[in-house]
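Only one structure is covered here, and it is reproduced in the block below.
Protein chains in written order, with this note's numbering: chain S, 6 to 138; chain X, 825 to 1008.
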């Protein structure tokens, strides 16, 4: 095996794959590859032994605090986005509540009965008159 | 933690109530490695806390996208990467790492007493690497994440990913030797 082929085995070896015998023989005879394997193995081990910092219990209570309702309208400190569909639904429902008094005013519904024909043929009032023809 | 133990116990993709209950278990199990991952990427304690919170919030919100029977950790770290790329990705290089305070941040008081010079150098050297190499080394060192998982995460072939890991390790060695002046 060549040095390039041996070094290509290194990532798998670091993840726990055993080296083939030919690779072991090469490492025993090639000081460059041997040194690289040794150095990178140590660094790999060192990376695995880095301490895991503890953020403390405050973060736990923060993360596991009761969630806001998913459809909550507007800005939410945890959601950090605007719920547009909820805002739209809210606007539509508000419009439906406001509109009925405007639409169904007295006289609009049911439609007022048409006045008798006799009144429609009456002479228009002259200006200045007292209401009599 | 072997492969069998990485099924994300407590996370059920179809039942929001069970996801909610499982969130506490998942938090207890994964928050420290995740916090360490973010802290080593950003170098900022409070920002890392916020990122951890956001990750678990997304786990809670998007638990349904987790395929039942799938492996939890690759899915989890996919969310984690998205969170920090969304929230600090563009600014991360501008913020920079405080190399002097990093080992102090990462050590608890007991460990600080018996700290190892090599470990300090390793922390600092790791922090001096470019972000993508730092991230790759931290993720590839996780025993629960295989190269196939990471290749899927980065959208490249397994062979290409191994080459990247190897190169990142060589860069780490070069920087380490320059810093310590000796062998790793």
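The C-beta atom is built at its ideal place from N, Cα and C for all residues, glycine as well.
Reduced DSSP category for residue i - H, G, I as helix; E, B as strand; rest coil
i, result
"residue 952/X", "helix"
"residue 29/S", "helix"
"residue 896/X", "helix"
"residue 826/X", "Caution is warranted here: a pLDDT of 38 is assigned to residue 826/X, below 50, making its placement in the model unreliable, and the coordinate value is therefore given only provisionally. Three-state DSSP puts residue 826/X in coil, outside helix and strand."
"residue 908/X", "helix"
"residue 866/X", "helix"
"residue 964/X", "helix"
"residue 792/X", "Look at the range of chain X in this structure, 825 to 1008, and you will see that residue 792/X is not part of it."
"residue 57/S", "coil"
"residue 933/X", "For residue 933/X, the predicted structure reports a pLDDT of 48, less than 50, and the residue's modelled location is therefore unreliable. The matter cannot be settled from this model."
"residue 9/S", "helix"
"residue 998/X", "helix"
"residue 858/X", "helix"
"residue 70/S", "coil"
"residue 986/X", "helix"
"residue 14/S", "coil"
"residue 99/S", "helix"
"residue 20/S", "coil"
"residue 981/X", "coil"
"residue 77/S", "Annotation note: pLDDT 49 at residue 77/S (below 50); position unreliable, coordinate value reported separately. If DSSP states are grouped into helix, strand and coil, residue 77/S belongs with coil."
Limits of the unbroken alpha helix (DSSP H) element including residue i
i, result
"residue 141/S", "Beyond the ends of chain S as shown, which are 6 and 138, falls residue 141/S; an answer cannot be given."
"residue 875/X", "869–885"
"residue 977/X", "971–978"
Distance cut-off 8 Å: residue i Cβ against heavy atoms of the ligand MG
i, result
"residue 1002/X", "What this structure holds is no ligand at all, so the ligand MG is not there to describe."
query = How about the stretch 893–904 of chain X and the stretch 91–102 of chain S: do they share at least three Cβ pairs that are nearer than 8 Å?
reply = no
task = Decide if the stretch 45–54 of chain S is in contact with the stretch 23–33 of chain S; the criterion is three or more beta carbon pairs, one per stretch, under 8 Å apart.
result = no
query = Of all the residues that make up the stretch 846–871 of chain X, which are near chain S by a beta-carbon distance shorter than 9 Å?
reply = 847, 848, 851, 852, 855, 856, 857, 859, 860, 863, 864 and 869
task = Check distances from the C-beta atoms of the stretch 46–60 of chain S to those of chain X and list, in chain order, the residues that come in under 8 Å.
result = 47, 48, 49, 51, 52, 53, 54, 55, 56, 57, 58, 59 and 60
message = Give me the subset of the stretch 986–997 of chain X whose CB atoms are less than 7 Å from a CB atom of chain S, sorted by chain position.
response = 986, 989, 990, 993, 996 and 997
query = Below 8 Å, can you find three or more Cβ-Cβ pairs linking the stretch 970–987 of chain X to the stretch 16–28 of chain S?
reply = yes
query = Taking Cβ-Cβ distances below 9 Å as the criterion, which residues of the stretch 18–33 of chain S are in contact with chain X?
reply = 19, 20 and 21
key: Contacting positions in the stretch 953–969 of chain X - beta carbon closer than 7 Å to chain S   = 961 and 965
message = So if I threshold CB-CB distances at 9 Å, which residues from the stretch 899–916 of chain X count as touching chain A?
response = No chain A appears in this structure, whose protein chains are S and X.
Inter-stretch contact (C-beta, 8 Å, three-pair minimum) for the stretch 55–65 of chain S and the stretch 844–860 of chain X = yes
query = On the three-pair Cβ rule with 8 Å, is the stretch 906–913 of chain X touching the stretch 972–982 of chain X?
reply = no
inquiry  = Across the stretch 988–1002 of chain X and the stretch 950–963 of chain X, are there enough close Cβ pairs to call them in contact, namely three or more that are closer than 8 Å?
reply    = yes
task = Return the residues of the stretch 885–897 of chain X that lie within a Cβ-Cβ distance of less than 7 Å from chain S, sorted by chain order.
result = none
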